[in-house]
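**Q** Residue numbers for the sequence shown follow my numbering, beginning at 46 and rising by one.
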Amino acid sequence: MNLTSDRHQSFYQITIYLCGFLLFMEWLMPLDVIGEFNNVSIFYIYAAFCFFISFIQMNWMISVPLKLIGLLFILDGLFIGERICSGGWFTIVYDQILYNIQVIQSQQWWDMTPMFRSLLFLILLWLMSYLLFYWFIIAKRMLVFVVLTIIYVTVVDTFTVYDGKWAIIRTFILAMVSLGLAHFYKEMEKESISVKSLRVTYRWVVPLVSMVILSSVLGFASPKLTPQWPDPVPYLTSANPGAGSGDGPGNGPVQKVGYGENDSRLGGGFIQDDTPVFRAMSQDEQYWRVESKDTYTGKGWEDTLEEETSEVTSRDLEFSTFTDDVETEERTSFLDFTGEANFNKLVYPYGVDAISRFSQDEFSENLSFQLHDNTGEIDTFESGDPVQLEEYVVDYNMPSFEYSQLREADEEDPEEIVEQYTQLPDNLPNRVVNLGSQIIEGEDNRYDQAKAVEAYFAANDFEYETEDVEVPEGNEDYVDQFLFETQLGYCDNFSTSMVVLLRSQDIPARWVKGFTGGELTQETASVEDQNLNVYEVTSGNAHSWVEVYFPEVGWVPFEPTQGFANNADFYTEVEQSDDGETSTDEDGETEDTEEDNSENPNQAQQQEEAESDEAAAGAGDDNNWTPLWITSALLIFLAAILFFVRHRLMAAYLRRQIRKKPGRDTFERAYIFLLKVFEKRKMKRHANQTLRDFANQVDARYQSSDMRQLTYHYERMLYRNEQGSEQMSKVTELWENLIKKALS
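Structure, rendered in C-alpha cells:
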C-alpha cells in the first residue's frame with residue numbers, strides 16, 4: 046500500500062481508537078460522583094498513557110516496563126511517603142501486598158487498603174487499554190462495547206446521583222462515528238476498493254458526519270414520551286428500606302462509616318472502614334472535635350446559625366467551649382494526617398488555644414483560618430482555596446469539670462443560648478417530650494438530669510448496631526423511631542436522641558461531630574521534650590456526641606452511645622481535715638460515695654435490697670420459737686442466694702475499695718476479678734493468649750474499646766509502676782462499665 050493509503054489507514058485507526066478511549070472515559074467519569082475516589086484525574090491520565098502506549102504498538106518488552114513504572118509512580122505519590130525504591134519503600138509495598146492477600150483469602154473484601162484497591166484499579170486500566178485496542182483496531186468489533194457503555198450510563202443515571210443526560214448524548218455521538226467508520230472500512234475491504242482510488246474522500250466522510258449531527262440534534266430537540274414503565278427505584282427502596290440513592294447518608298443501601306458534612310438525613314446502616322485518617326501523638330486519649338450543629342429537623346441536623354466567619358490566627362484560634370472558671374491543664378499534641386483526610390477543617394481537642402508547625406517554622410503567609418463562632422468549625426484556606434493541613438502541633442488547655450460546680454450551676458441561661466439550642470420541630474411526637482420528663486423526674490439540678498438521660502439508654506436495653514439500622518419514612522421522626530420502635534442504632538441515634546430529650550425539657554444542648562481517640566499503638570513520639578503515646582485514628586473513629594450548656598461553666602461533653610466512655614475529665618473537690626482524713630457530709634458519707642450513688646442507681650438499689658435481705662435474715666434468727674427445720678431452710682435459701690450473687694457482691698466490694706484505697710494492689714485485684722467474671726461468661730483467656738489479644742476479643746463482643754483501654758492502664762501500672770491518681774477516675778469508670786456488662 047502506498048503512502049496515501051497508509052495515511053488513510055492511520056487516520057481511520059486514530060479516529061476509531063480515540064472514539065474508543067472517549068467511550069471508556071464515560072465509564073470513569075461517574076466515579077468522581079458516586080465513588081470514594083480522591084484525585085480521579087490521576088486515573089484519567091494513567092488511562093490515556095496506557096491507551097497511547099497500546100496504540101503505537103511498542104514491543105511488549107518496552108511497553109510493559111513503561112506502564113509498570115507509571116503505575117508505581119502513581120502509587121508512590123498517593124500513598125507512600127518513603128523515597129521511591131528505597132528499603133523502606135519496598136517494605137511498605139511488601140506489607141501491603143501480604144496483608145491484602147490475607148484479606149482476599151479470608152473473603153473480607155471491605156478490609157482491603159486504599160493503596161491495594163488503587164493498585165487493582167490501575168491494573169484494570171492497563172488491561173482495558175489493550176482489550177479496546179484489540180476490539181476496535183484489530184477485530185473491528187466495537188458494537189458490544191458501545192452497547193455496554195450505553196447500558197452502564199443509563200443504569201448509573203437511574204440508580205445513583207450521577208446525571209447522565211449529557212453522557213448519553215456523548216456516547217450516542219461517539220458510537221455513531223465509530224460504528225459508521227468501521228462499517229465504511231469494512232465495505233471498502235469487502236468490495237476490494239482501495240482507499241487511494243477515492244479521489245474525494247470527503248464525499249464519504251461528510252454524509253457520515255452530517256447524519257451524526259442531524260440525528261443527535263433531532264433526538265435532543267424532538268418531543269419525548271413520558272416514561273412508559275414505572276420508576277424502579279421506589280419499588281426497590283420499598284422492598285429494601287434504606288436502599289437507593291439520595292443526598293443524605295441514610296438514603297444509601299449501605300454506606301461506609303467516616304466523617305461527612307451532610308447530616309440532613311440520618312439513618313441507615315454502614316460498613317466499617319478502617320482507613321487511617323490521621324495519627325495523634327498525645328499524652329492520653331482525646332475526643333477530637335470538628336463542629337457542632339444546632340437545628341434538628343426530625344430527619345437529621347442542619348447548621349442554620351447565620352453568621353459571618355471571623356478570621357483567626359494560628360497563634361490564637363479564639364475558640365473555647367468553657368469559661369475561665371473551669372480548671373485546666375496545659376497540654377500539647379501532634380496530628381499527622383494521611384491522604385484520606387479530605388475535609389478542609391481543623392481537628393482539635395477541647396480547650397484548643399493555638400497550632401503550629403512541627404518543624405517550628407511558621408505557616409505560609411497564604412494560609413488563613415476562618416472560625417464559625419457558634420459551631421466551632423475552623424475552615425482552612427491557602428490563597429483563598431480550601432486546603433487540608435498535613436500536620437500540625439496543637440496547644441490546648443484540657444478542662445476538668447468539678448461535680449459540685451456543675452450541680453450548683455444555676456439555670457438562668459442567656460437568651461441567645463435558649464433560642465438557639467432548645468429548638469425542636471413543631472411536629473415532634475408528644476411521647477418524646479413525656480419520656481424526657483419521666484427520665485429527669487426527681488433530679489433537682491441540670492447535671493444529674495443530663496446524667497439521667499445519658500444513662501437511660503444503657504438501662505433500657507438499647508443496642509449498638511451499625512448494619513441493620515432503620516431509616517424513618519414519610520413523616521416519621523428519627524428520634525421517635527429510635528426511642529420507641531427500633532432501640533437499635535449507632536452514635537448518631539444515641540447522641541441525637543439525648544439532645545432532643547434534653548431540649549424537650551428546656552435544657553440547652555447541641556449535637557457535636559468529630560473523632561474518638563483512635564487505637565493506641567505500640568509507638569511513642571517525642572514532641573517538645575514530651576514522650577507522647579501514638580494513636581491511629583481511622584474513618585471508623587468518626588463519631589458524634591452531646592454538649593450540654595451550664596451557666597458560668599460553658600459546654601460540657603456527654604457520651605450516651607452504648608460501648609463508649611465519656612472522654613471528659615470530671616473530679617470532686619475533697620477537703621482534708623486536720624488529722625488528714627477525708628471530711629464527710631452530715632450523713633457521714635464522702636462526696637465520692639455520693640457520686641457513686643448518683644451515677645449508679647442500679648447499684649444503690651441492689652445494695653439496699655441486699656441490706657434489707659440481711660436485716661430480714663437477722664430478724665428471723667432472733668425468733669427462738671422458729672422450728673429448726675424452718676431455720677435450716679432459710680439458711681440454705683440464703684446460702685443459695687449468696688452463691689448466685691457472689692460475683693455482684695464482690696464487684697460492689699471491689700468498687701468501694703477502688704474508691705477508698707486507689708492503688709496498684711487494689712487495681713490488680715479488680716482486674717484479675719474481672720478476668721474471672723469473663724471466664725464465667727464463657728470468655729476464658731487461653732494460656733497462650735496475651736492480655737491485649739484477650740482485650741480485643743472482649744471489645745469485639747461488646748462493640749467497645751473499654752477493655753483495651755483498661756488493659757493499657759493495667760500494664761503501665763504493673764510493669765512501669767505508674768500509680769498516678771490523675772487517671773484513676775478514668776480507670777474506675779472503665780472497670781465499672783466492663784463489670785456491669787459482664788454481670789448483666
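Don't be surprised by glycine CBs; every beta carbon is placed ideally from N, CA and C. Keep in mind the model is a prediction, meaning the values are calculated, not measured.
(1) Measuring CA to CA, which of Val-189, Leu-169, Glu-597, Gly-209 is closest to Asp-458?
(2) Please classify Leu-687 as buried or exposed, where buried requires at least 16 other C-beta atoms within 10 Å of its C-beta.
(3) Check whether the segment 85–101 and the segment 160–176 touch, using three or more Cβ-Cβ pairs below 8 angstroms as the test.
(4) Tell me the DSSP bridge mates of Ala-554?
(5) Do you know how far the Cα of Asp-202 is from the Cα of Lys-210?
(6) Below 8 angstroms, how does it come out for the segment 460–476 and the segment 557–576: are there three or more Cβ pairs, yes or no?
(7) In three-state DSSP terms, what is Arg-730?
(8) State the DSSP-derived secondary structure class of Val-463, mapped to helix, strand or coil.
(9) Give me the Cα-Cα distance between Phe-382 and Arg-128, rounded to the nearest whole angstrom.
(10) So Tyr-616 and Glu-447 are supposed to be a Cβ contact under 8 angstroms. How far apart are they, rounded?
(11) Within the same chain, show all residues whose beta-carbon is closer than 7 angstroms to that of Gly-115, passing over the 5 residues directly before and after it, in chain order.
(12) In the structure shown, what three-state DSSP assignment does Met-326 receive?
(13) Tell me where the beta strand (DSSP E) around Ser-378 begins and ends.
(14) Could you please give the first and the last residue of the uninterrupted alpha helix (DSSP H) stretch that includes Lys-785?
(15) Please list the segments of the beta strand (DSSP E) lying wholly inside the segment 332–362, counting only runs of 3 or more residues, in order along the chain.
(16) For Asp-614, which residues in the same chain have their Cβ closer than 8 angstroms to its Cβ, ignoring the five residues on either side in sequence?
(17) Please check the pair Thr-420 and Glu-336, which I expect to be a contact at CB under 8 angstroms, by giving their CB distance rounded to whole angstroms.
(18) If you draw a straight line from the alpha carbon of Phe-166 to that of Gly-519, how long is it in whole angstroms?
(19) Does any C-beta atom of chain C lie closer than 8 angstroms to the C-beta of Ile-400?
(20) Identify which residue in Asp-329, Thr-511, Leu-391 has its Cα closest to the Cα of Val-322.
(21) Thinking Gly-562 and Tyr-580 are a contact (beta carbons under 8 angstroms), I'd like their distance in whole angstroms, please.
(22) Please state the DSSP three-state secondary structure of Gly-608.
(23) Go through its chain and collect everything with a Cβ distance to Ala-399's Cβ below 7 angstroms, but skip five positions before and after it.
(24) Using alpha carbons as the reference points, say which of Gln-331, His-228, Glu-71 lies closest to Arg-215.
(25) I'd like the ranges of any alpha helix (DSSP H) spanning at least 4 consecutive residues and lying wholly in the segment 75–119.
(26) Nearest to Val-262 by alpha carbon, out of Asn-387, Leu-480, Phe-217?
(27) What span of residues does the alpha helix (DSSP H) with Tyr-197 cover, start to end?
(28) Quick check on Thr-671: does DSSP put it in helix, strand or coil?
(29) Looking at Glu-427: is its Cβ nearer than 8 angstroms to the Cβ of Ser-401?
(30) Report all residues from its chain with a CB closer than 8 angstroms to the CB of Tyr-576; omit the five preceding and five following residues, and keep chain order.
(31) Quick check: the segment 691–711 against the segment 734–752, are there 3 or more CB pairs under 8 angstroms?
(32) Name the two residues that bound the continuous alpha helix (DSSP H) containing Ser-864.
(33) Residue range of the beta strand (DSSP E) that Asp-520 falls in?
(34) Which complete beta strand (DSSP E) runs does the segment 489–535 hold, if anything under 3 residues is left out?
(35) Going straight from the alpha carbon of Phe-181 to that of Ile-213, what length do you get?
(36) Look up Glu-618 in the DSSP assignment and say whether it is helix, strand or coil.
**A** According to the data block:
(1) Glu-597
(2) exposed
(3) yes
(4) Val-593
(5) 8 angstroms
(6) no
(7) coil
(8) helix
(9) 18 angstroms
(10) 6 angstroms
(11) Tyr-91, Phe-94
(12) strand
(13) 372–382
(14) 773–788
(15) 333–338, 355–357
(16) Met-443, Pro-444, Ser-445, Phe-446, Ser-774, Lys-775
(17) 5 angstroms
(18) 39 angstroms
(19) Looking at the structure shown, chain C is missing, and only one protein chain is on hand.
(20) Leu-391
(21) 6 angstroms
(22) coil
(23) Ser-359, Arg-360, Asp-361, Leu-362, Asp-440
(24) Glu-71
(25) 76–79, 85–100
(26) Phe-217
(27) 188–204
(28) Any reading at Thr-671 needs caution, since the residue's pLDDT is 46, under 50, leaving its predicted position unreliable; the model's value is listed next. In the structure shown, Thr-671 sits in coil (DSSP, three-state: anything other than H, G, I, E or B).
(29) no
(30) The sequence given here has Asn at residue 576, not Tyr. Same-chain partners within the cutoff: Thr-569, Ala-570.
(31) no
(32) It is not possible to answer for residue 864, since the shown part of the chain is limited to 46 through 789.
(33) Rather than Asp, the amino acid found at residue 520 in this sequence is Asn. It is not in any beta strand (DSSP E) - Asn-520 carries neither H nor E in the DSSP assignment.
(34) none
(35) 20 angstroms
(36) coil
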